[in-house]
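*Asks:* For the numbering used here, count along the sequence shown from 1 and bump the result up by 359. Yeah, the Cβ is synthetic: ideal placement off N, Cα and C, and Gly gets one too. The structure's right below; bear with me while I get my questions together.
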Amino acid sequence: MAKVNGNYEVVYILDPAMSEEATAALVAKFKTMAEAHGTVKEVDEWGKRRLAYPINDLNEGYYVLMSFDSDAAFPNELARVLRITDGVMRSQVVCLDE
């Protein structure tokens, strides 16, 4: 039987060179997307952290962790939008129910 709803987490790293307004706008954009398809439990902004390895010649990134409940199709759409959004360096969406 197909999964109807699930618990998910997404961690994404934003470009640290972006302005505070642009960073806040992207965080709000992804939170709004998750709220439209489910329930957002928590958005935890970790801030600028040193990366384990350089990405695009950058050694720092702005980390954000978001926990949410949604239908099974939404995480794939969220991952797609994260991949094509300028300013997002890396992202990972995981299901917590497994």
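On a Cα-Cα basis, can you pick out the residue from GLU379, ASN366, MET448, PRO375 that is closest to ALA393?
*Replies:* Working through the sequence shown from its first residue, we reach residue 393 at position 34. The shortest C-alpha separation from ALA393 is found at ASN366.
*Asks:* Consult DSSP for VAL386 and reduce its assignment to one of helix, strand or coil.
*Replies:* Here residue 386 refers to the residue found at position 27 when the sequence shown is read from its first residue. VAL386: helix per DSSP, three-state reduction.
*Asks:* In this structure, does DSSP put ASN415 in helix, strand or coil?
*Replies:* The residue you call residue 415 lines up with position 56 of the sequence shown. Coil at ASN415, not helix or strand.
*Asks:* Under DSSP, the alpha helix (DSSP H) around LEU437 begins and ends at which residues?
*Replies:* Mapped onto the sequence shown, residue 437 falls at position 78. Where LEU437 is concerned, the enclosing alpha helix (DSSP H) stretches over 433–443.
*Asks:* Please name the residue or residues paired with ALA398 in a DSSP beta bridge.
*Replies:* Working through the sequence shown from its first residue, we reach residue 398 at position 39. Inspection of the sequence shows that residue 398 is occupied by Thr rather than by Ala. Paired residues: ASP428.
*Asks:* Taking a contact to mean a Cβ-Cβ separation below 8 angstroms, would you say ASN415 touches MET448 in this structure?
*Replies:* On the sequence shown, position 56 is the one that residue 415 refers to. On the sequence shown, position 89 is the one that residue 448 refers to. In this structure, MET448 lies closer than 8 angstroms to ASN415 by Cβ.
*Asks:* Given a cut-off of 8 angstroms, decide if ASN364 and SER429 are closer than it, judged by their beta-carbon atoms.
*Replies:* Taking the sequence shown and counting its residues from 1, the one referred to as residue 429 is at position 70. Taking the sequence shown and counting its residues from 1, the one referred to as residue 364 is at position 5. In this structure, ASN364 lies closer than 8 angstroms to SER429 by Cβ.
*Asks:* Using only alpha-carbon positions, find the residue among ASP456, LEU410, ASP445, PHE433 that is nearest to LEU385.
*Replies:* Taking the first residue of the sequence shown as 1, we reach residue 385 at position 26. Here the closest residue by C-alpha is ASP445.
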